[in-house]
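Single-structure report; data block below.
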Amino acid sequence: MSSPAKKRKLNNDGKQNGVQSKGLEFFFAKQRQNDGQALPSASIGCSNVPSSELTDEELARKLQAEWDQEVANGRHNDNQPPEIPQSMQNSYIESESPDAQPQPEPPASTMQEKPSKALSSTLTLQSTGMAEDCFTSSIPMDRSPLMFEPSKYTDSLKQHWEAEGGNASYALLTRCFVLVSATTSRIKIVDTLVNCLRLLIEGDPSSLLPAVWLATNSISPAYVSLELGLGGSAISKALKHVCGLDNRSLKAIYDKCGDAGDVAFEAKKKQSFTLRKPKPLTIKGVYQSLVKIANTQGQGSAEVKQRIVDRLLQDARGGEESRFLVRTLCQHLRIGAVKTTMLIALSRAFLLSRPPGSTVVIKRNSELSKLRKDELAEIWGKSEEIVKACFARRPDYNDLIPVLLEIGITSELLVRCGLALHVPLRPMLGSITRDLSEMLSKLQGRDFACEYKYDGQRAQVHCDAQGKVSIFSRHLELMTDKYPDLVQLVPKIRGEGVSSFIMEGEVVAVDRGSGELKNFQTLTNRARKDVDIGSIKVDVCLFAFDLMYLNEQPLLDRPLRERRELLKSLFIEVSHHFTWVKGLDATSNDSEAVLDFFKAATENKCEGIMVKSLDNLVDVPYTGDADGQEVEVVEKLSTPKKSKAKTKSRNRGGEGNDKEMGSRRKPLLATYEPDKRLDSWLKVKKDYNSSFDTLDLIPIAGWHGQGRKAKWWSPVLLAVRNEETGLLEAVCKCISGFTDAFYKATKQFYDDGEDSGERKNTRVQKPSFVEYPGPLPDVWFEPQEVWEMAFADITLSPTYTAALGLVSDERGLSLRFPRFLKKRDDKSLEEASTNHFLAGLWRKQEAKVATAKGKDAKEDGVQDDAVDEDVD
Numbered sequence: 000m001s002s003p004a005k006k007r008k009l010n011n012d013g014k015q016n017g018v019q020s021k022g023l024e025f026f027f028a029k030q031r032q033n034d035g036q037a038l039p040s041a042s043i044g045c046s047n048v049p050s051s052e053l054t055d056e057e058l059a060r061k062l063q064a065e066w067d068q069e070v071a072n073g074r075h076n077d078n079q080p081p082e083i084p085q086s087m088q089n090s091y092i093e094s095e096s097p098d099a100q101p102q103p104e105p106p107a108s109t110m111q112e113k114p115s116k117a118l119s120s121t122l123t124l125q126s127t128g129m130a131e132d133c134f135t136s137s138i139p140m141d142r143s144p145l146m147f148e149p150s151k152y153t154d155s156l157k158q159h160w161e162a163e164g165g166n167a168s169y170a171l172l173t174r175c176f177v178l179v180s181a182t183t184s185r186i187k188i189v190d191t192l193v194n195c196l197r198l199l200i201e202g203d204p205s206s207l208l209p210a211v212w213l214a215t216n217s218i219s220p221a222y223v224s225l226e227l228g229l230g231g232s233a234i235s236k237a238l239k240h241v242c243g244l245d246n247r248s249l250k251a252i253y254d255k256c257g258d259a260g261d262v263a264f265e266a267k268k269k270q271s272f273t274l275r276k277p278k279p280l281t282i283k284g285v286y287q288s289l290v291k292i293a294n295t296q297g298q299g300s301a302e303v304k305q306r307i308v309d310r311l312l313q314d315a316r317g318g319e320e321s322r323f324l325v326r327t328l329c330q331h332l333r334i335g336a337v338k339t340t341m342l343i344a345l346s347r348a349f350l351l352s353r354p355p356g357s358t359v360v361i362k363r364n365s366e367l368s369k370l371r372k373d374e375l376a377e378i379w380g381k382s383e384e385i386v387k388a389c390f391a392r393r394p395d396y397n398d399l400i401p402v403l404l405e406i407g408i409t410s411e412l413l414v415r416c417g418l419a420l421h422v423p424l425r426p427m428l429g430s431i432t433r434d435l436s437e438m439l440s441k442l443q444g445r446d447f448a449c450e451y452k453y454d455g456q457r458a459q460v461h462c463d464a465q466g467k468v469s470i471f472s473r474h475l476e477l478m479t480d481k482y483p484d485l486v487q488l489v490p491k492i493r494g495e496g497v498s499s500f501i502m503e504g505e506v507v508a509v510d511r512g513s514g515e516l517k518n519f520q521t522l523t524n525r526a527r528k529d530v531d532i533g534s535i536k537v538d539v540c541l542f543a544f545d546l547m548y549l550n551e552q553p554l555l556d557r558p559l560r561e562r563r564e565l566l567k568s569l570f571i572e573v574s575h576h577f578t579w580v581k582g583l584d585a586t587s588n589d590s591e592a593v594l595d596f597f598k599a600a601t602e603n604k605c606e607g608i609m610v611k612s613l614d615n616l617v618d619v620p621y622t623g624d625a626d627g628q629e630v631e632v633v634e635k636l637s638t639p640k641k642s643k644a645k646t647k648s649r650n651r652g653g654e655g656n657d658k659e660m661g662s663r664r665k666p667l668l669a670t671y672e673p674d675k676r677l678d679s680w681l682k683v684k685k686d687y688n689s690s691f692d693t694l695d696l697i698p699i700a701g702w703h704g705q706g707r708k709a710k711w712w713s714p715v716l717l718a719v720r721n722e723e724t725g726l727l728e729a730v731c732k733c734i735s736g737f738t739d740a741f742y743k744a745t746k747q748f749y750d751d752g753e754d755s756g757e758r759k760n761t762r763v764q765k766p767s768f769v770e771y772p773g774p775l776p777d778v779w780f781e782p783q784e785v786w787e788m789a790f791a792d793i794t795l796s797p798t799y800t801a802a803l804g805l806v807s808d809e810r811g812l813s814l815r816f817p818r819f820l821k822k823r824d825d826k827s828l829e830e831a832s833t834n835h836f837l838a839g840l841w842r843k844q845e846a847k848v849a850t851a852k853g854k855d856a857k858e859d860g861v862q863d864d865a866v867d868e869d870v871d
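Residue 0 is where the sequence shown starts when you use numbering that gives the first Met the number 0, and the numbers rise one by one after that.
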């Protein structure tokens, strides 16, 4: 290989092996000819000397002089970097197909940038990998929606996008993610999402649906099995290839950052200089790439997926796009835009904006700005209620977004997005009560049904007129393949006149001969999918308890008594295969009968009982807690300027007092309310009682133990969920209830890589979605599991942030003497205990203490009176 000195000598000689050498000017001239442009004549320096006779240094000086002359003549915009000739761009990146086989990048140029104040007049090579979209980043999306006018930006955005293909750029969504991640204020999060959605509604409606999927960290509804199937190795390979890193460099960055998205951000800074400006990513393009990754299967699929990931990271402009792109690929976006937040943002966005050419009636900012806060909250609340109800009945953005674009927020939305066969609705949930006396107190004056709470798997069964059957779990996952025996049975249980239906029940493992119930662990031994009906070893029975849809008619608004009567009269019982839950109708005066029924349920291997209100008694006052879910609180748009602690309390979703927040009590109805946890359904489990409370917590971090526990994690830091923000709020450390075998298994599952050399389910730095201001742990866990914890009582804490603002403006809540009971494999992270539930337990605890003190004081008063009488 020739040295640089020898190359210069060959250039000066002009020829080598009879072939004349070609300088840089030759390539520039050829490119200009291809573009139909003439190369500007040189009038400075060596303009009269043929390019073939110039050295590289002389030619570079000549080109610089020509560039300076053009700048002086005003022919170039100072804000625009010089265009790099197409002929000098990477050949493999020119391909439009993400399936193109990547080729090695050309070596980085050795030309250095001049340290000059007039950079715009200097021809230099810059890294396009870190070039941000300055226009998008200048839009104030975090302002109040009432102060934000998308029309001021949409025309410029369209022109900006037109130069890059016409579709909304991924940079717009990234800017939204950056602003949302930078705050813990739920109001700010909602406002930012609303403004981003409005820009898309008015600027590029076709990109709205992909943007919503990307912002909610998914690409399809839960009942559609569409998984990316990407491992960490695919992303690591892409980062190494695109950013020019080796294994050691990448590991060093990961050890420093911990989060895969942060690693991508740092790695992008180290990307080699290239001559090619990446083609901007679009929201549609990113979403379509993810769908293609998920749909790619079979031989060679790993290579195809790798090429798509490589291409996405190559085209990512700037560190922030790389950060959130990688987090999306890892399915750990964690920006706080949970389902509820997105639905609120959609409802407000469509209340304020409409697509170009639409005649839908919307609210004007000027009109809403004149309203009082309670009036504005009522308008927000009505639209939110409609959108949430639609999504609860048909939880698929593919159905919801097109209808919103067509008709906006109207009552017709509930009709257009109602129940549909083979699309699961979100199930209604029951509130927890700690004992039977509490349950009887809440349902005072009402008729209710007690039902066995079977130890099985909740199932939603759909059957259409043609006999097609779909079965969904409580998490809306399709599990039709898991129960082929039920699929074969369901069409046969239809009585006369029944064509289609949606039924809910519990699938329980049974002994087919005797009908004896078996526990949930037995049911888990059954294969999850592709079950051959001839090889089934675990028999099941479906115990039906509700009917939500019958012969094309929804039944959600009918009381439970009526729905239950239809269920029992129109379907055919098949012994040990299909039947109804065992139940008892009672009132609050039948306490003895209810107690006997509860004991019978626990003796029959059930978890406890479910208690459900039978009738819609609107005039009967509800006597449950004021903190229950029957109190609907409509959040205000803005936070009044009060103390910092109170402001933080409201940002966390604090309830405040009823007058300030405009709360209103709703009657306790017997209708089926999808995706709501109400006191019209109560569950009393055998391990619940007034003196033994448990919480389902998420392990988030650990410390190295002492002595023989030094090689294990002990204590472990645990957290509750904040439903409004999506954050995990630390509540306690736990060192009790663990066995040595559990310690070993936990250390293997949450591996920091010290011994194995490879991390597993852990990270170095604190995740952005965790709130814990205390001493740093030795390792942070990736949230994966739910642990059931017992405890002595709940205390106010200056260290822990759980439920901060719900019971105190300065202190959160913590647990005294927490003790591990078991892993809740049947629960997902979304079903872990919430900060509101924790706050409710604390209030009940304080109420009992106050009652006990009042009782003691009363007894002391009686004794004092007796003493006085004796003295008299």
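Glycine residues also receive a C-beta, built at the ideal position from the N, C-alpha and C atoms.
Member of the options whose CA lies at the smallest distance from the CA of residue i
i	options	result
Leu424	Pro673, Ala849, Ala700	Pro673
Ser143	Gln844, Asn166, Ile188	Ile188
Ala831	Gly496, Gly752, Trp841, Ile699	Ile699
Pro354	Asp395, Leu198, Ser300	Leu198
Lys236	Arg185, Gln313, Val193	Gln313
Leu616	Ile697, Met478, Leu442, Pro774	Leu442
DSSP-derived helix/strand/coil call for residue i
i	result
Thr578	strand
Glu672	coil
Tyr222	coil
Leu145	helix
Cys449	strand
Ile343	helix
His159	helix
Trp885	Residue 885 lies beyond the stretch modelled for the chain, which goes from 0 to 871, so this question has no answer here.
Gly839	helix
Phe780	strand
Glu809	coil
Glu265	helix
Arg511	coil
Ala791	coil
Arg563	helix
Leu583	strand
Leu814	strand
For residue j and residue i, the rounded distance between their alpha carbons
i	j	result
Met438	Ala600	16 Å
Asp825	Gln456	9 Å
Glu728	Phe780	14 Å
Ile252	Thr340	33 Å
Lys645	Thr586	Since pLDDT at Lys645 reaches only 39, below the 50 mark, its modelled position is unreliable, and the value read off the structure follows with that caveat. Approximately 42 Å between the Cα atoms of the pair.
Ala669	Leu559	6 Å
Phe596	Leu583	8 Å
Trp680	Cys449	10 Å
Leu399	Ile406	11 Å
Gln505	Gly243	Note that residue 505 is Glu in the sequence shown here, rather than Gln. Whole-angstrom Cα-Cα distance: 54 Å.
Leu696	Glu722	14 Å
Buried/exposed call for residue i, threshold 16 Cβ in 10 Å
i	result
Ser365	exposed
Val523	The identity of residue 523 in the sequence shown is Thr, whereas the question assumes Val. Under this definition Thr523 is an exposed residue.
Asn194	buried
Glu591	exposed
Lys255	exposed
Gly533	exposed
Residues bridged to residue i (per DSSP)
i	result
Arg493	Phe570
Leu696	Trp786
Asp154	Answer is none; Asp154 lacks a bridge partner.
Phe500	Cys462, Leu549
Trp712	His703
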